[in-house]
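Chains as they are written, first to last, in the working numbering: chain A, 274 to 397; chain B, 31 to 284.
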Amino acid sequence: MNEQYKNFGDFLHQKRLAKGVSYRELATVLGVSAPYISDIEKDRRNAPTMDKLEKLADYFMLSSEERSLMFDLAGDKKSEVAPDIPGYIKEHDYVASALRTARDLGASEKDWQDFVDDLRRRKG
Amino acid sequence: MTIYEPHFRRDKKNVPILSKDEINFFAERYVAEFQPDILCTPQPFDIEGFLEQYLKLTLDYQYLSHDGRYLGMTVFSNTDKVIVYQPERECAEYLRANHGTVIIDNTLLEIPLEHRYRFTLGHECGHWVFHRSFYGYDPYQLSLFDTDIPYLKCREVNACYLYDDINGWDAERWMEWQADKFAAAILMPRTCIKTIFNSFPFPFSSASADAYRAVENVSATYNVSKQAAYLRLCDLEIIRKPDSALQYRQLSFL
Chain A
274 MNEQYKNFGD
284 FLHQKRLAKG
294 VSYRELATVL
304 GVSAPYISDI
314 EKDRRNAPTM
324 DKLEKLADYF
334 MLSSEERSLM
344 FDLAGDKKSE
354 VAPDIPGYIK
364 EHDYVASALR
374 TARDLGASEK
384 DWQDFVDDLR
394 RRKG
Chain B
31 MTIYEPHFRR
41 DKKNVPILSK
51 DEINFFAERY
61 VAEFQPDILC
71 TPQPFDIEGF
81 LEQYLKLTLD
91 YQYLSHDGRY
101 LGMTVFSNTD
111 KVIVYQPERE
121 CAEYLRANHG
131 TVIIDNTLLE
141 IPLEHRYRFT
151 LGHECGHWVF
161 HRSFYGYDPY
171 QLSLFDTDIP
181 YLKCREVNAC
191 YLYDDINGWD
201 AERWMEWQAD
211 KFAAAILMPR
221 TCIKTIFNSF
231 PFPFSSASAD
241 AYRAVENVSA
251 TYNVSKQAAY
261 LRLCDLEIIR
271 KPDSALQYRQ
281 LSFL
């Protein structure tokens, strides 16, 4: 999925070392234990919950691209969609409806790209 | 960054032959490379950073026994045979670990044990620096024989080894001593400690108020236990070593 990071644990490991913080320091920031972080980094445990992912994004000062990548990797680990997405769908009924329509009509990657480009032109 | 590789003698069995002086020298080279500030401004050594960022070792946390008897472990070759304890299931199980992994017992993460945690990290770094060749470190080989145990589990060492008869020590005991001396030397670099006490009329007598103050100072400055500070100050001849193990045990301030 991503060439730079093997999985979410690897992403967390690289970000933590790049910032030069220890397991214990990061554990204090997130309000968890050092072994919990170690387990995640070694891919023995799922990514943490959404609130902790948000904390991580702020703590590591991630760009919006890295933030999205982190969420994707976190979702990947659980074989789920990125954890920042379900909340958005739930809050906006029309999104779920639009997704179903896209699915039923067999929307391709290009269709989606056209839609996103159009959205960017109008909103961006 | 190139990792500094100390050169030292070995005996016929590949066991390093190291004097205290050599260990102090090597440790200070590492300190100068990784955290040179400490040599000018007294401060705790970042032992976790040294292990992960400088030596490029992998740090992990597990229960190494059911009763906390093992404090740390260094894994020298890839293995899937590291035995760890699972308290939830009250059983032992195998864990996979790669060469260059240091595993610290979870019990050391309790806040009152931070000094022991830091010393154990220093001790395991010492094993990696001096002993990985003895223990057959080979990153490309899983294990030569099924019976090989490619890791070293370390218990707490009783400080009264100061009074042991070293003639009876085997190779493993000497390597434990070397790892302990390395931990002390990297957490409390010789030059820094000597600088602090240069203007004092040391050696202080073993149970004196001066010795007590020196221990308090070193313990607070370098984030080490009073016991580690005391032994280090004895080693550096800033405090006179107590005459016997009994006298050592009777020191009220440790």
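We treat Cβ as the ideally placed atom computed from N, Cα and C, and that holds for glycine.
For B/Gln92, the three-state secondary structure derived from DSSP is strand. Of all residues in the segment 297–317 of chain A, only Arg297, Ser306, Ala307, Pro308, Ser311 and Lys315 place a beta-carbon less than 8 Å from a beta-carbon of chain B. Residue range Lys256 to Asp265 is occupied by the alpha helix (DSSP H) that includes B/Ala259. CA-to-CA, the gap between B/Leu85 and B/Ile33 works out to about 7 Å. Under the 10 Å beta carbon count, B/Ser107 is surrounded by 16 or more other beta carbons and is classified as buried.
Taken in chain order, the whole alpha helix (DSSP H) runs of length 4 or more contained in the segment 281–345 of chain A are 281–292, 296–303, 307–314 and 323–332.
Residue burial is scored here from C-beta neighbours: B/Ile47 has fewer than 16 other C-beta atoms within 10 angstroms and is therefore classed as exposed.
When DSSP states are grouped into helix, strand and coil, B/Phe234 belongs to the strand group.
Taking every protein chain shown into account, the CB of A/Asp391 has fewer than 16 other CB atoms within 10 angstroms, so this residue is exposed. Taking a Cβ-Cβ cut-off of 7 Å, A/Gly282 has no neighbours in chain B, whose nearest Cβ is about 12 Å from it. Using a CB distance cut-off of 9 Å, A/Ser352 does not count as an interface residue toward chain B.
The bridge partners DSSP lists for A/Lys351 come to none. Each of B/Trp158, B/Ile113 and B/Thr251 was checked against the Cα of B/Asp210, and the nearest Cα belongs to B/Trp158. Taking 9 Å as the CB threshold, B/Leu139 lines the interface with chain A.
Taking A/Phe333 as the centre and dropping the five residues before and after it, the same chain places the C-beta of Lys288 and Lys292 closer than 7 Å to its C-beta, in chain order.
Secondary structure at B/Met103: strand, using DSSP grouped into helix, strand and coil. Annotated three-state conformation of B/Leu48 is coil, per DSSP. Contact annotation for A/Leu290 against chain B: Glu82 and Gln83 [CB-CB distance below 8 Å, chain order]. Taking a C-beta distance under 9 Å as the contact criterion, B/Gly156 and B/Ile216 qualify as a contact pair. By the Cβ neighbour-count rule, A/Trp385 is exposed, with fewer than 16 other Cβ atoms within 10 Å of its own.
Residue nearest to B/Phe164 within the set B/Tyr278, B/His145, B/Asp135 and B/Ala201 is B/Ala201 (criterion: CA-CA distance). For the set B/Ser282, B/Asp90 and B/Glu267, the Cα lying nearest the Cα of A/Arg297 is the one of B/Asp90. For B/Glu246, the uninterrupted alpha helix (DSSP H) segment begins and ends at Ala239 to Tyr252. Just measuring C-alpha positions, the residue of B/Phe212, B/Ile53, B/Arg119 and B/Trp199 sitting nearest B/Phe149 is B/Phe212.
Within chain A, the C-beta atoms nearer than 8 Å to that of B/Gly79 come from Gly293 and Ser295, in chain order.
With its beta carbon at least 9 Å from every one in chain A, B/Asn197 lies outside the interface. In this chain, B/Glu118 is not harboured by any alpha helix (DSSP H), its DSSP state being neither H nor E.
When the Cα atoms are used, B/Glu120 and B/Ala237 turn out to be separated by approximately 45 Å. Between B/Pro219 and B/Glu267 the beta-carbon gap is near 16 Å, outside 8 Å, which marks them as no contact.
Under the 9 Å criterion on CB atoms, B/Gln208 is classed as non-interfacial with respect to chain A. Looking at the backbone, the Cα of B/Ser235 and that of B/Arg146 are separated by about 26 Å. For B/Asp135, the enclosing beta strand (DSSP E) has its first and last residue at Thr131 to Asp135. Straight through space, the alpha carbons of B/Ala214 and B/Leu182 are spaced by roughly 19 Å. DSSP links B/Arg185 through a beta bridge to B/Tyr100.
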